[in-house]
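In this note's numbering, the protein residues as written are 382 to 799.
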């Protein structure tokens with residue numbers, strides 16, 4: 382069967398968590414599993430150079446672990462806005478006197494939609510179908526975000542479609558304001574959606590791996606990355622908010638992947654203290670023709686632009702990413718720490734993912750097959766609008782969604798071996 386519903390789980394609220402396994406005849410030995418909890422990709426199996434199948438995304442075996450607002454967003458659909466919004470507040474051009482205030486769940490800023498963002502919600506399963514061979518196998522999930530949900534204005538309908546075809550995982554997002562709500566007929570909002578999968582092309586670490594002295598296979602530092610259609614990155618301040626400066630890659634060699642190199646080569650030289658990569662790379666075309674990347678033109682960008690290739694010499698697996706979005710955040714799991722057994726990080730934690738205005742909170746979960754994750758166990762390619770775009774005059778058109786507009790994005794991850 383191309384789509385199989387897996388055994389459900391139940392969270393602490395008594396809600397049923399559903400999970401679906403996608404396979405397709407065009408992609409033998411490849412499969413994807415997704416849950417309606419956060420429209421989250423929990424597993425992604427692909428064949429390596431020896432035709433052995435490896436699960437290449439970090440996550441949990443326990444579906445209920447994906448509910449916490451304190452997890453690292455493993456595989457989740459995040460929104461209403463991906464990445465950060467400075468000081469957790471913004472105004473809209475047509476409402477200059479109204480300040481919309483959001484959760485500050487990442488130090489002084491709002492991250493990934495707030496404490497109870499889309500990654501924490503139960504999405505409705507709209508359809509789960511085997512389509513024609515040319516279109517592969519797909520599942521579509523939907524979510525209704527009410528007016529002032531997490532502080533965001535407007536009643537927003539959101540859809541996520543995950544499709545498997547010819548060794549390619551396609552993830553698309555759509556969003557529009559609810560035209561049936563006449564009381565909000567003129568209300569605009571902001572939107573920027575992404576999938577937050579953490580890839581490890583060596584295969585995710587399990588309890589079988591020796592992690593007393595982390596091996597290269599447990600980390601992604603041996604992965605080789607190369608970019609195209611990219612020649613700069615966004616400078617950020619000490620809280621990871623863009624300053625507005627766009628820095629050429631030749632000025633900062635540690636950030637330059639135009640010539641293929643391992644993540645580990647310069648990871649200790651990255652801006653921000655050498656912790657690792659957590660930086661946004663804009664597409665050249667988005668800088669040269671910013672008007673083409675406004676929400677109003679989303680529907681016209683149907684062909685994804687190839688941006689990234691990542692290769693693991695251990696497994697021989699290569700990932701090629703393309704997107705219709707104006708850029709992507711490269712994140713090398715700098716703050717991820719999940720032990721083999723349950724870990725409880727208390728109030729003394731310095732992990733910024735755990736810090737809010739109210740202080741730190743316990744962080745408890747365990748990896749797949751009781752395996753452990755640590756910093757640099759995975760990498761994310763978070764395609765989206767520019768971070769904090771609403772606060773930058775030349776970028777804000779990317780995220781402002783007016784009544785009648787339709788937000789659309791498509792990101793593809795194609796897998797091969799060599």
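For every residue, glycine included, the Cβ atom is placed at its ideal position computed from N, Cα and C.
All figures in this text were calculated on a predicted structure; none of them were measured in a lab.
- Separation of the CB atoms of residue 535 and residue 570 is rounded to 3 Å, and the pair is thereby assigned contact status at 8 Å.
- Taken in chain order, the complete beta strand (DSSP E) segments of 3 or more residues contained in the region 565-651 are 605-608, 613-617, 623-629.
- Here residue 771 is buried: its Cβ has 16 or more other Cβ atoms, across all protein chains shown, within 10 Å.
- Rounded to the nearest whole angstrom, the C-alpha separation of residue 428 and residue 765 is 28 Å.
- The region 448-474 contains, as complete beta strand (DSSP E) runs of 3+ residues, the segments 470-473 (chain order).
- Exclusion of the five residues before and after residue 677 leaves 786 as the residues of its chain whose Cβ lies within less than 7 Å of its Cβ.
- In the structure shown, residue 516 falls within a helical segment according to DSSP collapsed to helix, strand and coil.
- Under the DSSP assignment, residue 778 falls outside any beta strand (DSSP E); it carries neither an H nor an E label.
- Residue 679 carries a helical assignment under DSSP once its states are collapsed to helix, strand and coil.
- The criterion of a C-beta distance shorter than 8 Å is not satisfied by residue 438 and residue 560.
- When the beta-carbon positions are compared, residue 789 and residue 555 come within less than 8 Å of each other.
- When rounded, the separation of the alpha-carbon atoms in residue 435 and residue 549 is 15 Å.
- Cβ neighbours of residue 492 within its own chain (closer than 6 Å, five residues either side excluded): 465, 486.
- If you draw a straight line from the Cα of residue 519 to the Cα of residue 748, it comes to about 27 Å.
- Across the structure, residue 542 and residue 526 are spaced so that their CA atoms are roughly 17 Å apart.
- Your pair residue 662 and residue 708 checks out as a contact, with CB atoms roughly 6 Å apart and the cut at 8 Å.
- Contact between the region 394-403 and the region 767-783 is absent, with fewer than three C-beta pairs closer than 8 Å.
- Each residue's CA atom was taken as its position, placing residue 403 and residue 685 some 23 Å apart.
- Residue 461 holds the alpha-carbon nearest to the alpha-carbon of residue 484 among 502, 505, 461.
- DSSP places residue 665 inside the alpha helix (DSSP H), whose first and last residues are 665-669.
- The beta carbon of residue 650 sits closer than 6 Å to those of 635, all from its chain and outside the five residues before and after it, given in chain order.
- Distance from the Cα of residue 693 is smallest, within the candidate group 457, 425, 583, for 583.
- Cβ-Cβ distances below 8 Å link residue 715 to 656, 657, 658, 659, 756, 757 in the same chain, with the five nearest sequence neighbours on each side left out; the list follows chain order.
- DSSP places residue 786 outside any beta strand (DSSP E), giving it a letter other than H or E.
- For residue 641, the closest alpha carbon among the candidates 691, 424, 406, 498 is that of 691.
- Residue pairing by DSSP puts residue 482 in a beta bridge opposite 470.
- Taking all protein chains shown into account, residue 529 has fewer than 16 neighbouring C-beta atoms within 10 Å of its C-beta and is therefore exposed.
- In the DSSP assignment, residue 533 falls outside any beta strand (DSSP E), carrying neither H nor E.
- Closest in alpha carbon position to residue 387, among 443, 474, 566, is 443.
- The shortest CA-to-CA distance from residue 474 to any of 780, 390, 797, 385 is the one to 780.
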